[in-house]
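**Student:** The opening residue of the sequence shown carries number 52 in our numbering; numbering runs sequentially from there.
Quick reminder that beta carbons are idealized off the backbone N, C-alpha and C, glycines included.
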Amino acid sequence: MQLIHIFHLMRIHQYVKNLFIFLPVFFSFKIFDLPILLDTLVAFVCFSLCASAVYIFNDVIDAPLDKIHPTKAKRPIAAGKISVRMALFVALILLCLGLVGAWVLIPPPPNYSLLIDLYRP
Numbered sequence: 052m053q054l055i056h057i058f059h060l061m062r063i064h065q066y067v068k069n070l071f072i073f074l075p076v077f078f079s080f081k082i083f084d085l086p087i088l089l090d091t092l093v094a095f096v097c098f099s100l101c102a103s104a105v106y107i108f109n110d111v112i113d114a115p116l117d118k119i120h121p122t123k124a125k126r127p128i129a130a131g132k133i134s135v136r137m138a139l140f141v142a143l144i145l146l147c148l149g150l151v152g153a154w155v156l157i158p159p160p161p162n163y164s165l166l167i168d169l170y171r172p
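#1: Report the rounded CA-to-CA distance for Asp-79 versus Phe-73, giving the unit in angstroms.
#2: From what residue to what residue does the alpha helix (DSSP H) around Gly-131 run?
#3: By the 10 Å Cβ neighbour count, where 16 or more other Cβ atoms means buried, how is Arg-126 classified, buried or exposed?
#4: Since Cys-97 contacts Ala-153 with CB under 8 angstroms, what's their CB separation in whole angstroms?
#5: Look at Leu-60 and Ala-138 and say whether their C-beta atoms are less than 8 angstroms apart.
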């Protein structure tokens, strides 16, 4: 089944590292502040989706070398279980979901564009 290979490609087991995004909320004692907690949860999901996209792009680039590596040869692209085209499509979808999701669900502050203008040459 291709869906299981897509999940392997996304490296969901690596999402544990992304839990570090909750540390500022925890150490600022805002863990029970629901709006902040929800924003952080959205940030975690969006960041994880973008991280998966990067993992997939990396696997596409490294596929020729991964095919000759004893362990990495079992990865979905190197093993031929998912085509490069499908992998790039999934990566693009994940990247768009992560970036657009973050932009829509956690809108930037009103003075964000002013801040960007200040950094522009």
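**Tutor:** Reading off the structure:
#1: According to the sequence shown, residue 79 is Ser rather than Asp. Taking the straight line from one Cα to the other gives about 10 angstroms.
#2: Where Gly-131 is concerned, there is no enclosing alpha helix (DSSP H), given that its DSSP letter is neither H nor E.
#3: With 16 or more other Cβ atoms from the protein chains shown falling within 10 Å of its own Cβ, Arg-126 counts as buried.
#4: 4 angstroms between Cβ atoms; contact.
#5: yes
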